[in-house]
Amino acid sequence: MESLFLLIPLSLVLVGLLAWILRWSIKSGQFDDLDGPGHAILMDDDTPAPQKVSEHSQK
Amino acid sequence: MSNQMNEQINEQINEQMSKKNALVCYHCSIQILPGELIEAELGGEARPFCCPGCMAIAQTIHGEGLEVFYARRSQSGDKPAAYLASDEIPEKLKPYDDPSLRGRFTRPSGGEGDLETTLRLEKIRCAACVWLCEQHLRRNAGVKDVQINYVTQKVMVRFSPDKTSLARLLFEIERIGYEAWPFEPSQSLDRAKKERRHLLLRLGVAMLGMMQVMMYAWPTYVGADITPEFEILLGWTSWLLTVPVMVYSAGPIFQAAWRSVQSFKQTHMLGMDVPIALALALAFIAGTINLVAGVGHTYFDSITMFVAFILAARYVELLARQDAQGGAEALAKQLPATCERALNYPALQEIEVVPVVNCNPGEVLRVSPGEVVPADGVLIENVSALDESLLTGESKPVEKKIGDRVYAGTHNILNPLFMRIEAVGQSTRIAGIASLLDQALLAKPVMVSLAEKWTAYFVAFLLFGAFASSAIWLYFDPSRAWTVLVSVLVASCPCALSLAVPTAMAAAQGAVTKLGLLIVRGHVMEGLVKATDLVLDKTGTLTMGQPELQEVINLRGGYRREDALALAAALEAGQRHPLALSLMRAATAENLSLPTLSEPVINQLGKGLSSGEYRLGSAIWLEVEQSAQLGQYGQVHLADAQGLVASFVFLDTPRAGLEQFLKVVKSRKIAVHLVSGDDRATVVWWAQHVGIQHYQGGCTPEDKYDYIARLQKENRFVWAIGDGVNDAPLLARADISIAVGAGAPLAAAGADAILTASSLEPLAKTLLLADKTQAIIKENLWWALAYNLLAIPAAMMGLVNPWVAGIGMSLSSLAVTLNAWRLRKA
Numbered sequence: 002m003e004s005l006f007l008l009i010p011l012s013l014v015l016v017g018l019l020a021w022i023l024r025w026s027i028k029s030g031q032f033d034d035l036d037g038p039g040h041a042i043l044m045d046d047d048t049p050a051p052q053k054v055s056e057h058s059q060k
Numbered sequence: 083m084s085n086q087m088n089e090q091i092n093e094q095i096n097e098q099m100s101k102k103n104a105l106v107c108y109h110c111s112i113q114i115l116p117g118e119l120i121e122a123e124l125g126g127e128a129r130p131f132c133c134p135g136c137m138a139i140a141q142t143i144h145g146e147g148l149e150v151f152y153a154r155r156s157q158s159g160d161k162p163a164a165y166l167a168s169d170e171i172p173e174k175l176k177p178y179d180d181p182s183l184r185g186r187f188t189r190p191s192g193g194e195g196d197l198e199t200t201l202r203l204e205k206i207r208c209a210a211c212v213w214l215c216e217q218h219l220r221r222n223a224g225v226k227d228v229q230i231n232y233v234t235q236k237v238m239v240r241f242s243p244d245k246t247s248l249a250r251l252l253f254e255i256e257r258i259g260y261e262a263w264p265f266e267p268s269q270s271l272d273r274a275k276k277e278r279r280h281l282l283l284r285l286g287v288a289m290l291g292m293m294q295v296m297m298y299a300w301p302t303y304v305g306a307d308i309t310p311e312f313e314i315l316l317g318w319t320s321w322l323l324t325v326p327v328m329v330y331s332a333g334p335i336f337q338a339a340w341r342s343v344q345s346f347k348q349t350h351m352l353g354m355d356v357p358i359a360l361a362l363a364l365a366f367i368a369g370t371i372n373l374v375a376g377v378g379h380t381y382f383d384s385i386t387m388f389v390a391f392i393l394a395a396r397y398v399e400l401l402a403r404q405d406a407q408g409g410a411e412a413l414a415k416q417l418p419a420t421c422e423r424a425l426n427y428p429a430l431q432e433i434e435v436v437p438v439v440n441c442n443p444g445e446v447l448r449v450s451p452g453e454v455v456p457a458d459g460v461l462i463e464n465v466s467a468l469d470e471s472l473l474t475g476e477s478k479p480v481e482k483k484i485g486d487r488v489y490a491g492t493h494n495i496l497n498p499l500f501m502r503i504e505a506v507g508q509s510t511r512i513a514g515i516a517s518l519l520d521q522a523l524l525a526k527p528v529m530v531s532l533a534e535k536w537t538a539y540f541v542a543f544l545l546f547g548a549f550a551s552s553a554i555w556l557y558f559d560p561s562r563a564w565t566v567l568v569s570v571l572v573a574s575c576p577c578a579l580s581l582a583v584p585t586a587m588a589a590a591q592g593a594v595t596k597l598g599l600l601i602v603r604g605h606v607m608e609g610l611v612k613a614t615d616l617v618l619d620k621t622g623t624l625t626m627g628q629p630e631l632q633e634v635i636n637l638r639g640g641y642r643r644e645d646a647l648a649l650a651a652a653l654e655a656g657q658r659h660p661l662a663l664s665l666m667r668a669a670t671a672e673n674l675s676l677p678t679l680s681e682p683v684i685n686q687l688g689k690g691l692s693s694g695e696y697r698l699g700s701a702i703w704l705e706v707e708q709s710a711q712l713g714q715y716g717q718v719h720l721a722d723a724q725g726l727v728a729s730f731v732f733l734d735t736p737r738a739g740l741e742q743f744l745k746v747v748k749s750r751k752i753a754v755h756l757v758s759g760d761d762r763a764t765v766v767w768w769a770q771h772v773g774i775q776h777y778q779g780g781c782t783p784e785d786k787y788d789y790i791a792r793l794q795k796e797n798r799f800v801w802a803i804g805d806g807v808n809d810a811p812l813l814a815r816a817d818i819s820i821a822v823g824a825g826a827p828l829a830a831a832g833a834d835a836i837l838t839a840s841s842l843e844p845l846a847k848t849l850l851l852a853d854k855t856q857a858i859i860k861e862n863l864w865w866a867l868a869y870n871l872l873a874i875p876a877a878m879m880g881l882v883n884p885w886v887a888g889i890g891m892s893l894s895s896l897a898v899t900l901n902a903w904r905l906r907k908a
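Chains as they are written, first to last, in my numbering: chain W, 2 to 60; chain C, 83 to 908.
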């Protein structure tokens, strides 16, 4: 039980750290657009060109 | 029998044939007319296009390897302008590189002389569109950085002015099939962003505090047997976490409460924040005293939870409110940024394209058909017709003679006209309406919401109960008076009470958004229940505001209806008059192929069109008799050398779902008023046609505003629906107002909610849902009250353990939330 004397102040430090991260992420605008990144990852132009796919499937 | 069968088979074959023949444009997906087909090879396949513009766009997109756009988009684009085929920046965009406009729309960024600008994208239909714009801009030389916001559809571009320019950027966006206009970042926008971020951070801190304090309170909830030194440790850590929640997160609540108390002498009203601040302060002080004394409950969990929930509700409300455009931004969108100025008029017909801000009264402007008049002025050359429906509510185009006034914001639809400027910018008629809108928003009666009233009563009752019982205890046993005061204050579960309204509102708003109604200001659902009068605008609200071909009459023998229609449509091709567009729509809907006219079409100004022996136009010009029919939008007649061939009758169509909507409204004993800027006869006809008793025609925006003000003076609770610029002050003044989404941006700026669906049916459903929401809010409040009436006396008599109170509190909150959840299904 004595470990609580260490763990509880530690949890306070953790909460402080979380609040700081939250502040940083809000200030850098990460919460301004919550829809965009979700779409952006779907729309990334990393899909292979269609003709390459057909060549591959013919082999 | 066999004949019939043959006919059927023939029909089927015909259908298949037409499907095969119907080539669809690769970019804009419209059917390609046989003579207009262009083919181009893209990505190893021949693709059909309807026009050089579409081909240019598709080539640009493919050329940059962005063709995945065509697979991912959910809706196809509009037909673009023809000038996109060339790589030249069009004249109308060039003025953006003029120092006066560039200075307004760009700001220096970074040390290398880079400029930064914010553009607002138009014609965006899906996420794929936004992605395409971003990728295309990034591939341009000189563009350093692109940041795009999917929600607000704004792009921030940082570019080097040596390699590219503002006009070039705007043109590049047009080249892939969209439009953009530079956006003047105002201080209010900056402030809105700051406000949003601050509230979010306050909410985050309160949430973190709530979670952590509840964790420390867990041993008390479950009644764990812990030693006193740990209890003190947990208590003080909770206190440490509650302080930032009280000071930082709840700070604005205390400030608002203090302001409300200070201004009590003038207003004789205490704001909602006063009881909240009082409860928070009392609970915190009591908790701290208990902590120091080492006896009793500390209440820190209740405090943090209460603050977190209140801030969450406020954050949701703030987001919705900020989504609505401000009046100034809407006004900017309504007027063009550039215009065509005639130099040395009338000696020379030389035209230069200049920013509207650089124009002065006295100068002469040319306005082409299809363009928006940029300033107020007087028509000096070429009679024309102007669509003033957004400004005045007048449904038909207004014929303008030399010397007539023309107003900024109206559409020129007939001939290229010349006008002399009398007023630009802030002194125009439309800017006047915008400022009336701002006044109206200030004059709007403040609705005291049901929840606020209940909470005020509840808190008053609670404070009275707490102080009364502690006074009684002071008389019998002074040592317990303080404990009782605090236990009464806190055993009353503020959570269920604070959750009762926001949860129901959030669930109901989610449901109506799915129906097609976007709620901007929070009180709409509550206001709908209270409404006693509904004020409707006619053009664009009650009706669609555009004529539809109703029937073809006076058809001469030997002509089929389709032939006459096709002939008329061929004559009207390329015209922008609403009746012309309507004829074209009717011809397209019936899949008619238009005949080629042997002679060019001549536009007989103010009368009609002619091509060889064919003439299409007004009854007076063609010298035919027109059977007058009230409520009609108009008639157009087609004649050749032998006389009348056919007459086309047009009718403004009522908006879909109108009948059902009015039925629901009337069943609730809401008086319906029709107030329109259109002429009296048409308004009377429509009012009788759809069954509305109160009506007034020929109204100016000021008349409409007064109409509402008069109703409000009679203590009526007014609900207004409108769409035009002329409705903006009315919408802003009404107790609750809904703007039709397809209407003017300025109308949406004054409204409490925006109808995004084209039918009125969602409103009928919303009304029913509003009833249900109100019922559920009442249930929730009754539940919270009943729980408190049981819990408080029990707590007073010391019958409730802390953990029983904790479970009771959680169950109570859960019941309220689940009850509200039922609204989502509607």
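Positions of the beta carbon are idealized from the N, C-alpha and C atoms, including for glycine.
By the criterion of a C-beta distance shorter than 7 Å, Arg762/C is surrounded in its chain by Gly779 and Gly780, once the five residues flanking it on both sides are discounted. The Cβ-Cβ distance between Gly627/C and Ser841/C does not fall below 7 Å. In chain order, Leu362, Phe366, Ile385 and Val389 place their CB closer than 8 Å to the CB of Met328/C, counting only its own chain and leaving out the 5 sequence neighbours on each side. About 6 Å separates the Cβ atoms of Leu812/C and Ile790/C, confirming a contact at the 8 Å cut-off. Val14/W is outside the set of residues whose beta carbon lies under 7 Å from a beta carbon in chain C. For Met607/C, the enclosing alpha helix (DSSP H) begins and ends at Val606 to Lys612. Gln717/C is bridged by DSSP to Val731/C.
According to DSSP, Asp722/C shares a beta bridge with Gly725/C. Contacts between Leu19/W and chain C, judged by CB atoms closer than 8 Å, involve Leu290 in chain order. Within a 10 Å sphere around the beta-carbon of Trp768/C sit 16 or more other beta-carbons, which makes this residue buried. Inter-residue distance for Phe391/C and Arg284/C is about 12 Å (C-alpha atoms, whole angstroms). Taking all protein chains in view, the Cβ of Phe730/C is crowded by 16 or more other Cβ atoms within 10 Å, so the residue is classified as buried.
Put simply, of Asp734/C, Ala669/C, Phe799/C and His771/C the residue whose alpha carbon is nearest the alpha carbon of Leu744/C is His771/C. Counting C-beta atoms within 10 angstroms of its own C-beta, Ser509/C has fewer than 16 neighbours from the protein chains shown and is therefore classed as exposed.
Within chain C, Leu283, Gly286, Val287 and Leu290 have C-beta atoms less than 8 Å from the C-beta of Leu23/W, given in sequence order. Shown here for Leu281/C: same chain residues with a beta carbon closer than 8 Å to its own, the five before and five after excluded, namely Leu393, Arg396, Tyr397 and Leu400 in chain order. Within the segment 737 to 824 of chain C, the complete beta strand (DSSP E) segments at least 3 residues long are 753 to 757, 776 to 778, 800 to 804 and 818 to 822, listed from N- to C-terminus.
Sixteen is the threshold: since fewer than 16 other Cβ atoms of the shown chains lie within 10 Å of the Cβ of Ala375/C, the residue is exposed.
Bounds of the alpha helix (DSSP H) holding Arg667/C are Pro660 to Ala671. For Gly627/C, the uninterrupted beta strand (DSSP E) segment begins and ends at Thr625 to Ile635. For Ala669/C against Leu676/C, the beta-carbon gap comes to about 7 Å, under 8 Å, which counts as contact.
In the structure shown, Lys205/C adopts coil according to DSSP, grouped into three states. Asp645/C: member of the alpha helix (DSSP H) spanning Arg643 to Glu654, first to last residue.
In this structure, Ala589/C is the residue among Ala589/C, Leu461/C and Ala368/C with its C-alpha nearest to the C-alpha of Trp903/C. Excluding sequence positions up to five before and after Lys612/C, its CB lies within less than 6 Å of the CB of Phe799, all in the same chain and listed in chain order.
The Cβ atoms of Val822/C and Thr623/C sit closer than 7 Å to each other.
Using a Cβ-Cβ cut-off of 9 Å, Thr319/C is close to Ile9, Pro10, Ser12 and Leu13 of chain W, given in chain order. Look at Phe151/C here: in three-state DSSP terms it is helix. In this structure Gly452/C is not in contact with Ile503/C, their Cβ atoms being roughly 20 Å apart against a cut-off of 8 Å.
Linking Leu248/C to Arg750/C through their CA atoms gives a straight-line distance of about 55 Å.
By the Cβ-count criterion, Arg341/C is exposed, with fewer than 16 other Cβ atoms from all chains shown falling within 10 Å of its own Cβ. In the same chain as Leu674/C, and ignoring 5 residues on each side of it, the C-beta atoms closer than 8 Å to its own belong to Glu644, Leu647, Ala648 and Ala651, in chain order. According to DSSP, Phe131/C shares a beta bridge with Ile120/C. Using a CB distance cut-off of 7 Å, Arg642/C does not count as an interface residue toward chain W. With a contact defined as Cβ atoms closer than 8 Å, Ala829/C and Asp809/C qualify at about 5 Å. For Ile308/C, no alpha helix (DSSP H) segment is defined, and its DSSP state is neither H nor E.
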